[in-house]
Structures are given as C-alpha cells and as structure tokens.
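Please read the structure below before turning to the comments.
There are 2 protein chains.
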Amino acid sequence: MDDKTHFHVDCPSRLLFEQIADKWSIMILTVLNEKPTRFNELKRRLEGVSQKSLSMTLRRLERNGLIQRQVLQTAPVAVEYSISPLGLTLLEPFGALYRWTCENIQAVESARESFDRRV
Amino acid sequence: MDDKTHFHVDCPSRLLFEQIADKWSIMILTVLNEKPTRFNELKRRLEGVSQKSLSMTLRRLERNGLIQRQVLQTAPVAVEYSISPLGLTLLEPFGALYRWTCENIQAVESARESFDRRV
DNA sequence: CGTAGTGGTATCTTATTGAAACTTGGTTTA
DNA sequence: TAAACCAAGTTTCAATAAGATACCACTACG
Numbered sequence: 001m002d003d004k005t006h007f008h009v010d011c012p013s014r015l016l017f018e019q020i021a022d023k024w025s026i027m028i029l030t031v032l033n034e035k036p037t038r039f040n041e042l043k044r045r046l047e048g049v050s051q052k053s054l055s056m057t058l059r060r061l062e063r064n065g066l067i068q069r070q071v072l073q074t075a076p077v078a079v080e081y082s083i084s085p086l087g088l089t090l091l092e093p094f095g096a097l098y099r100w101t102c103e104n105i106q107a108v109e110s111a112r113e114s115f116d117r118r119v
Numbered sequence: 120m121d122d123k124t125h126f127h128v129d130c131p132s133r134l135l136f137e138q139i140a141d142k143w144s145i146m147i148l149t150v151l152n153e154k155p156t157r158f159n160e161l162k163r164r165l166e167g168v169s170q171k172s173l174s175m176t177l178r179r180l181e182r183n184g185l186i187q188r189q190v191l192q193t194a195p196v197a198v199e200y201s202i203s204p205l206g207l208t209l210l211e212p213f214g215a216l217y218r219w220t221c222e223n224i225q226a227v228e229s230a231r232e233s234f235d236r237r238v
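Order-wise, the sequence lines are chains A and B. Residues 1 to 119 (the working numbering) are what the first sequence spells out, left to right. Residues 120 to 238 (the working numbering) are what the second sequence spells out, left to right.
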C-alpha cells in the first residue's frame, strides 16, 4: 500500500505520446514555424515521409489545434498549412527535448556500444 | 532550390522518437526518479503496461544509458532499476513536455471537438 | 498531345504493440 | 513433501499501425 505516483490510463502522458509527440509532428511544427508551407514542400523538407504519413499527421495536428489548414483558391488549388498559436507554445518544450538529443546523442551512442559489448 | 531546414533520415529527432521519447519511458523515468524500483512494482505503478512492453522498454532504456539494472543477490533474486546520471538530465525536457500537456490538454480537447463538429 | 506538378486516397505488405500463456527458480503453506 | 505462489521475465499469436506503392482528378507547360 503506497501513495506514490501512479500513472493511470487517462494520464496526460498517454494523450501526449498517442496524439502529439511523434517524430513527424516535431519536424512539421519546426518547418511551419519558419513560414506557412504547402503539402508538397513539406514532403520535400521531410526526408523519407510517405504521403500517407504526412497526410495523416497533418490531419491529426489540425484536429488537435496545433496547425491550421487553408485552401487557397488558386489554379491549381493549393493547400497551405501554418502553425497555430497553440502549436507555437508547443515548440518550446519540443525544442528543449530536441536540444537534449543533440547534446546527448554521443553519450547515448557510447552507452549503447558498451551495452552491446557486455551482452 | 532552398537552404531551409531539411530533416534528413539521420536527424536527431529520429533517434529521439525511435529510441527515447515513448510513453512508457517518460513514466518509468519519473518513477525511478523517486527511488530505485523493482520490476513488479514498476508494473503496478504503470497502469496498463504489459510485461513484454515493460521489459522491452527497460532494456532499451538501459542500453541507451538512461537507467541502470542491478540484480540483488537476495532470495528470491530481485532486480532493481534506477535512473542514471544521463537519465536525470532527460527528466527536465520530459518534464517541460509533460507540463505542457497538463496545461494545454483542455485546449487540445476543445480543438478536437470543434474539428469533429466541422467534419 | 504527353508530361509534370498539385493534394491527396486506396491498397497491400510489413513492423510494432499488446494480451495471454508459459518458464525458471526459489519459497512459503498445508 | 507436494501444492501453491511470487519474482522476473520470454514466447506466442492476434490486432493495430506504419510504410511503400499505385492510383485519381485536376491544371499548366512545351
């Protein structure tokens, strides 16, 4: 019997990782933070993303209010995605995590090598 | 032709989300930050985790140098997991992300409701 | 007319996740 | 002394997600 931290199934961290913090989201938000960007330019900027993954991630980001989707009535039709005010606030914690990775990638990799040597 | 941010396949964010930032990791590190904890207590503290997921996540965290695994020669044998110095440094950016979620979970949910009404 | 670019969707295949059962080895219970 | 039990996992199998590929409708360009 203890009153220690207990992570329930409705814990925010579940929402976080199921809906928000995936690898494409962080990259998309970073690109959109520079300027509003269209579907195919996003695709070119995110090496290795499939159209399906990009399309699904964009829809999820839009649904969660982190980006906005706007159809421009040009010919041919263009679709422009931009970061929302809510999305902007997410960039800071994402940035902290991203910087952690850059700073510690070497430490992680050498830990991994020494683990693999031990096993 | 542009010199804008381009996310390559070996971008740190790939390592980050493939190896480090999953939902179980953040919860495990938070628990281990309180005190070293054994396998089954971890399992009890993380509602809904399967033994396999827990076991695999622990091994990955250990391999990446974020936690330490120690076998205690008691009877019966116990295995104690504890956070490493490197793991400690990760708690700060994880915490920032976690706090963002807590603070903005309402905004995300109402965005989602209004999206679902529109569609 | 053929080709390329726009923003996607549909389909099929391969990983990943998760639930549930099983394992190994010691331990208390009856 | 066997029955049952707990620790810390592993194995197996089914469901889900992710990814590659193909396709669609439309427009512009040469």
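The beta-carbon is built from N, C-alpha and C at its ideal position, and this holds for glycine as well.
Worksheet item: Do we get a CB-CB distance below 8 Å when we pair residue 13 of chain A with the residues of chain B?
Response: yes
Worksheet item: Which residues of chain B have a Cβ atom closer than 7 Å to the Cβ of residue 81 of chain A, listed in chain order?
Response: Neighbours of residue 81 of chain A on chain B: none; closest Cβ ~14 Å, over 7 Å.
Worksheet item: Short check: CB of residue 84 of chain A to CB of residue 66 of chain A, under 8 Å?
Response: yes
Discussion item. Within 8 Å, do at least three Cβ pairs link the segment 15 to 23 of chain A to the segment 151 to 164 of chain B?
Written reply: no
Worksheet entry | Distance, residue 79 of chain A Cα to residue 48 of chain A Cα | Separation of residue 48 of chain A and residue 79 of chain A (C-alpha to C-alpha, rounded to the nearest whole angstrom) is 21 Å.
Practice prompt. Using three-state DSSP, classify residue 190 of chain B as helix, strand or coil.
Written response: strand
Practice prompt. Identify the continuous alpha helix (DSSP H) that holds residue 150 of chain B and give its terminal residues.
Written response: Where residue 150 of chain B is concerned, the enclosing alpha helix (DSSP H) stretches over 142 to 153.
Worksheet item: If the cut is a Cβ gap below 8 Å, which residues of chain A does residue 223 of chain B touch?
Response: 86, 89, 90
Discussion item. Using beta carbons (cut-off 8 Å, strictly below), is residue 158 of chain B in contact with chain A?
Written reply: no
Worksheet item: Just the Cα atoms here: how many angstroms apart are residue 71 of chain A and residue 39 of chain A?
Response: 11 Å
Discussion item. Extract the residue ranges of the beta strand (DSSP E) inside the segment 38 to 92 of chain A, only unbroken runs of 3 or more that lie entirely within it.
Written reply: 67 to 72, 78 to 83
Practice prompt. Just the chain B side, please: which residues come within less than 7 Å of residue 31 of chain A by C-beta, in chain order?
Written response: Around residue 31 of chain A, the beta-carbon contacts reaching into chain B at under 7 Å are 124.
Worksheet item: residue 116 of chain A to residue 175 of chain B, Cα distance in whole Å?
Response: Their backbone Cα atoms lie some 15 Å apart in a straight line.
Worksheet item: Shorter than 8 Å from the beta carbon of residue 108 of chain A to some beta carbon of chain B?
Response: yes
Worksheet item: Near residue 24 of chain A, what residues of its chain come up, given a Cβ to Cβ distance below 8 Å and the 5 sequence neighbours on each side ignored?
Response: 46, 49, 53, 54, 57
Worksheet item: In terms of DSSP beta bridges, what is residue 7 of chain A paired with?
Response: B:165
Worksheet item: Skipping 5 residues on each side, what residues in its chain have a beta carbon closer than 6 Å to that of residue 145 of chain B?
Response: Cβ neighbours of residue 145 of chain B beyond the five flanking positions: 213.
Worksheet item: Would you say residue 29 of chain A and residue 87 of chain A are within 8 Å of each other, going by their C-beta atoms?
Response: yes
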